[in-house]
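**Student:**
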Amino acid sequence: MNFLQRAALAGAGAALTSGAMAQSAPVAPIKPKVFTDFGVTRTDNYYWLNQPTEPAVLKYLNDENGYFDQQMSGAKAMQKKLAAEIKNRIKQEDATEPYRDNGYYYYSRFEFASEYPIYCRKKGSAIGTEEVLLNGDEMGTGKKYFQIGDWAVSDNNQLLAFSVDTVSRRLYTLRFKNIATGKLFPECIANTGGEVVWAADNKTVFYTKKNVTTLLPYQVYRHTLGTDPKGDALVYEEHDNTFNVQVNRSKSKKYIGIELASSLSSEYRYLEAGAPTEQPKVFQRREKDHLYQVEHLADKFYIRTNWLAPNYRLMTTPVATTGKATWTDALTRHPEIFLDNFELFKEYFVLNERKGGLRQLHVVNLKDKQEHYLPFDESAYTATIGVNRELDTPVLRYNYTSLTTPPSIFEYDMSTRVGTLLKEQSVLGNYNKFDYVTERVFVKSRDNKFIPMSIVYKKGTKLDGSAPLLQYAYGSYGFSQDPTFSAARLSLLNRGFVYALCNIRGGQEMGRQWFEDGRMLHKINSFNDFIDCSEYLTKPHEATVGSAKVQQRYTASDKLFAMGGSAGGLLMGAVLNMRPELYKGVIAAVPFVDVVTTMADPTIPLTTSEYDQWGNPADEEYFKYMLSYSPYDNVKAQAYPNLLVTTGLHDSQVQYYEPAKWVAKLRTQKTDKNLLLLHTDMVAGHGGASGRFKSIDDTARQYAFMLMLLGKNL
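Read in order, the letters of the sequence shown are residues -22 to -1, 1 to 692 in mature numbering (1 follows the signal peptide of the UniProt record, and there is no 0).
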């Protein structure tokens, strides 16, 4: 019996197997733990799963992995084929476009079949003699997980500081290296935030330390190269556990900055890089609902701030007086345009703005204040400021991509207004962007907002409801999801899939209010927006083809798949409880689904820094609102679509036990016979497997799950 015959016999609701006797789904033991808050009693039968070293916990996770393997055995060949074709689109020997910094050209490259990048530089010219700074492939050999965090070269170009994570908990170990000899210095500094900043004396570095329980970076230390880290000086300690701490260095290299940021408030402290032992000064004291970022140029500081400007504005202040009283607008402000980012040059500044949900690049001449925008002609695209380390140049480097255009690096001469393509990511296998169609639509929500949605499919795909479709969204933290290219996604598009990216509320695609309307006591808007987009995708709509008006329908509910990860996994869980009948299948990657219990425990990593996103359940109003949508708490006896849930045992962002508990509870409540699968990566964390090829297996697994449910063969 072949795969398609098995699929047909199994039907839409049955698990697909290789023909052997179906294995029973794992059953997690019930060990009730009762919570009572504000007169509401909750019983958590699977709270015990939060002990990662307990044999019973590991057994359950391994049993679920075994069940996943058995249920997906009929698609194993498909998964291997998908992984191979995705890998075959990647140019194995490749390098990034070099950028210039302090007399050297820096780049990274991959060797054939290598998993990790090799970081290199050449002196004076991009065609000079190569120096290897870090050989990631050698460093990662034999390690189950490996990630280089940050690296920085001293001002004299002789010393390298770098950080690595070998567990996937985002706790980085800091090391130092003599570039000329390749010799490592003896000191190792553990449990850092990953970033590292050199002072101007070529011997002092600043770094952050994390709380190993909450994983919040909360301290800044100063280290002198060649000394015992136990004697490092504590420069700053943050006592408000809703704030994160980071260190940086200004583009001018004159200042070292300490950034203190929560969701809705920030503060900047700074000291001169040439005087590393001086006490940091406060730029502008933190205030409620005031976010700002600082950069330095000549005799001024430039500030991106939301002070009296919800969509942000760019302001300046003299170096000698940094308080708000002396801030002035750097240019005429347009309140409807969202300022995402900015870059300073000696004679120009560049604003990365959002208008209509898409990013724009806005160039301003510092001398005559002449302004212009870079032109882009695709209906859905992403244009961002690239790596620009030097001030004294009229050339802007920027990045460009779209749903059909591979990631590209351009240089743009701001004086002549001429752009040059430096590099476009290679896509092997005769890829032609003109074989695909991109659309951008605005879906009217139930409360009369317009939700941007970017859509891509291969030419010839029938838009009559017969095409399968993958709908993706995130919608949290003000993190915007821009339309970008994916070589892996071609494996779906070439098999007749439509892909739709929904910019639901909770992101900042449509400005700051878009974020405000999708958090705290407005979080339900994110879920409703996604559902409204799903209904739009599954219903006929009028479209213009050439000069004719035609009826189109992107997909139908029996072919619609939804996907989201992390906070997007929360989205998936909420939508599943609200409208399960809309979807054929759902992929929830590392999903944040146990909202109330997690947010009530300040010892869980990242909880306290997210009160401004979800609320604090110690407050009755927020407790009851969160309880109304928390996916884990709202599982009920109803039919659910096919569901693939993924997690990592070492996840630092969403602890593995949230999805594990959710799946265990769903197994006891759901009334259907659809697939419910949990896959736990026992060596990885939030981002999945490390390495450029290992991570392909994760994607192939997800794609095989959807194709299997559609009964599609290899």
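C-beta atoms are modelled at their ideal positions from N, C-alpha and C, and glycine is treated no differently.
1) If the criterion is Cβ atoms closer than 9 Å, does the pair residue 406 and residue 68 meet it?
2) With a threshold of 16 other CB atoms inside 10 Å of the CB of residue 267, please say whether the residue is buried or exposed.
3) Which one of 10, 379, 621 and 436 has the shortest CA to CA distance from residue 645?
4) Apart from the five residues just before and just after residue 72, which ones in its own chain have a Cβ nearer than 8 Å to its Cβ?
5) Decide if residue 609 is buried, meaning its Cβ has at least 16 other Cβ atoms within 10 Å, or exposed.
6) Looking at C-alpha atoms only, which residue of 661, 657 and 285 is the closest neighbour of residue 630?
7) Could you tell me which residues DSSP pairs with residue 331 in its beta bridges?
8) Our contact map puts residue 613 next to residue 555 with C-beta atoms below 8 Å; I'd like the distance itself, whole angstroms only.
9) Compare the C-beta of residue 68 with all C-beta atoms of chain D and state if any pair is closer than 9 Å.
10) Suppose contacts are defined by Cβ-Cβ distances below 9 Å. Is residue 225 in contact with residue 237 by that definition?
11) If you draw a straight line from the alpha carbon of residue 487 to that of residue 203, how long is it in whole angstroms?
12) Report all residues from its chain with a CB closer than 7 Å to the CB of residue -2; omit the five preceding and five following residues, and keep chain order.
13) Rounding to the nearest angstrom, what Cα-Cα distance links residue 317 and residue 288 in this structure?
14) Roughly how many angstroms lie between the CA atoms of residue 139 and residue 182, to the nearest whole one?
15) Any heavy atom of the ligand PLP closer than 8 Å to the CB of residue 161?
16) What residue range is occupied by the uninterrupted alpha helix (DSSP H) comprising residue 589?
17) Spatial neighbours of residue 3 within its chain, please: C-beta separation below 8 Å, excluding the five flanking residues on both sides.
18) Output the residue ranges of the alpha helix (DSSP H) runs that lie fully inside the region 90 to 136 and measure 4 residues or longer, sorted by chain position.
19) Please report the distance separating the alpha-carbon of residue 452 from that of residue 493.
20) Ignoring anything shorter than 3 residues, give me the beta strand (DSSP E) runs that lie fully in the region 257 to 293, in order along the chain.
21) Could you check how far apart the C-beta atoms of residue 274 and residue 233 are, in whole angstroms? I think they sit under 8 Å.
22) Drop a sphere of 10 angstroms on the beta-carbon of residue 495, count the other beta-carbons inside from all chains shown, and report buried for 16 or more, exposed for fewer.
23) Grab me the residues of residue 205's own chain with a C-beta within less than 8 Å of its C-beta, minus the 5 sequence neighbours each way, in chain order.
24) Determine the direct distance from the alpha carbon of residue 480 to that of residue 595, and round the result to whole angstroms.
25) Measuring CB atoms only, is the region 525 to 535 touching the region 588 to 605, in the sense that at least three cross pairs come out at less than 8 Å?
26) Ordered along the chain, which non-local residues of its own chain (more than five positions away) have a Cβ less than 7 Å from that of residue 210?
27) How should residue 194 be labelled, buried or exposed, when 16 other C-beta atoms within 10 angstroms of its C-beta is the threshold for buried?
28) DSSP state of residue 678, grouped into three classes?
29) In three-state terms, what does DSSP make of residue 636?
30) Can you grab the Cα-Cα spacing for the pair residue 307 / residue 114, in whole Å?
31) Contact defined as beta carbons within less than 8 Å: I believe residue 170 pairs with residue 155. What is the distance between those atoms, to the nearest angstrom?
32) Take every Cβ of the region 383 to 391, pair it with every Cβ of the region 99 to 115, and state whether three or more of those distances are shorter than 8 Å.
33) So residue 175 packs on residue 184, CB below 8 Å; how close in whole Å?
34) Grouping DSSP H, G and I as helix and E and B as strand, with all else coil, what is residue 462?
35) First and last residue of the alpha helix (DSSP H) that includes residue 552?
36) If we require 3 or more residues per run, which beta strand (DSSP E) segments fall completely within the region 482 to 529?
**Tutor:** Quick answer:
1) As a position in the sequence shown, residue 406 is number 428, starting the count at 1. As a position in the sequence shown, residue 68 is number 90, starting the count at 1. It is a contact, given that the beta carbons lie within the stated cut-off.
2) Mapped onto the sequence shown, residue 267 falls at position 289. Counting Cβ neighbours within 10 Å, residue 267 comes out exposed, since fewer than 16 surround it.
3) If you number the sequence shown from 1, residue 645 lands on position 667. Answer by Cα proximity: 621.
4) If you number the sequence shown from 1, residue 72 lands on position 94. Counting only Cβ-Cβ distances below 8 Å, and skipping sequence neighbours, we find 87, 88 and 404.
5) Within the sequence shown, the letter at position 631 stands for residue 609. Buried: at least 16 other Cβ atoms inside 10 Å.
6) Taking the first residue of the sequence shown as 1, we reach residue 630 at position 652. Of 661, 657 and 285, the residue nearest in Cα terms is 661.
7) Position 353 of the sequence shown, counting from 1, holds the residue named residue 331. Paired residues: 317 and 338.
8) The count along the sequence shown starts at 1 and reaches residue 613 at position 635. The count along the sequence shown starts at 1 and reaches residue 555 at position 577. Yes, residue 613 and residue 555 are in contact; Cβ-Cβ is about 7 Å, under 8 Å.
9) Structure shown: chain D not included; a single protein chain is present.
10) Indexing the sequence shown from 1 puts residue 225 at position 247. Indexing the sequence shown from 1 puts residue 237 at position 259. Their beta carbons are under 9 Å apart, which means residue 225 touches residue 237 by this criterion.
11) Here residue 487 refers to the residue found at position 509 of the sequence shown. Here residue 203 refers to the residue found at position 225 of the sequence shown. Between the C-alpha atoms of residue 487 and residue 203 there is a straight-line separation of about 43 Å.
12) Position 21 of the sequence shown, counting from 1, holds the residue named residue -2. Because residue -2 sits at a pLDDT of 45, beneath the cut-off of 50, its placement in the model cannot be relied upon, and the point is left open.
13) Within the sequence shown, residue 317 is the residue found at index 339, counting from 1. Within the sequence shown, residue 288 is the residue found at index 310, counting from 1. Roughly 10 Å between the two C-alpha positions.
14) For the purposes of this step, residue 139 is taken as residue 161 along the sequence shown, with counting starting at 1. For the purposes of this step, residue 182 is taken as residue 204 along the sequence shown, with counting starting at 1. Distance between the alpha carbons of residue 139 and residue 182: 11 Å.
15) In the structure shown, the ligand PLP is absent, as is every other ligand, since no ligand is present at all.
16) Reading the sequence shown from its first residue, position 611 is the one you call residue 589. Per DSSP, residue 589 belongs to the alpha helix (DSSP H) from 589 to 592.
17) To locate residue 3, count along the sequence shown from 1; it is residue 25. Excluding sequence neighbours, residue 3 sits near 45, 645 and 654.
18) 114 to 118
19) The sequence position of residue 452 within the sequence shown is 474, counting from 1. The sequence position of residue 493 within the sequence shown is 515, counting from 1. One C-alpha to the other measures close to 12 Å.
20) 259 to 262, 270 to 275 and 278 to 283
21) Position 296 of the sequence shown, counted from the start, is the residue given in the question as residue 274. Position 255 of the sequence shown, counted from the start, is the residue given in the question as residue 233. Indeed they touch by this definition, with Cβ atoms about 6 Å apart.
22) In the sequence shown, residue 495 corresponds to position 517, counting from 1. Per the 10 Å Cβ criterion, buried.
23) Here residue 205 is taken as the residue at index 227 of the sequence shown, counted from 1. Cβ within range, chain order: 165.
24) Here residue 595 is taken as the residue at index 617 of the sequence shown, counted from 1. Here residue 480 is taken as the residue at index 502 of the sequence shown, counted from 1. Their backbone Cα atoms lie some 29 Å apart in a straight line.
25) no
26) The count along the sequence shown starts at 1 and reaches residue 210 at position 232. Excluding sequence neighbours, residue 210 sits near 199, 200 and 201.
27) Numbered from 1 along the sequence shown, position 216 holds the residue referred to as residue 194. Residue 194 counts as buried, since at least 16 other C-beta atoms from the protein chains shown sit within 10 angstroms of its C-beta.
28) Working through the sequence shown from its first residue, we reach residue 678 at position 700. Residue 678: helix per DSSP, three-state reduction.
29) For this step, residue 636 is matched to residue 658 along the sequence shown. Correct three-state label for residue 636: helix.
30) As a working mapping, residue 307 is identified with position 329 in the sequence shown. As a working mapping, residue 114 is identified with position 136 in the sequence shown. Rounded to the nearest angstrom, the two C-alpha atoms are 44 Å apart.
31) What you label residue 170 is simply residue 192 of the sequence shown in a count that begins at 1. What you label residue 155 is simply residue 177 of the sequence shown in a count that begins at 1. Not quite, the Cβ-Cβ distance comes to about 16 Å (not below 8 Å), so this is no contact.
32) no
33) Residue mapping note: residue 175 aligns to position 197 of the sequence shown, counting from 1. Residue mapping note: residue 184 aligns to position 206 of the sequence shown, counting from 1. With a Cβ gap of about 5 Å, residue 175 and residue 184 count as contacting.
34) For the purposes of this step, residue 462 is taken as the residue at position 484 of the sequence shown. Reduced to three states, the DSSP call for residue 462 is coil.
35) One-based indexing of the sequence shown puts residue 552 at position 574. Per DSSP, the unbroken alpha helix (DSSP H) holding residue 552 starts and ends at 545 to 556.
36) 519 to 523
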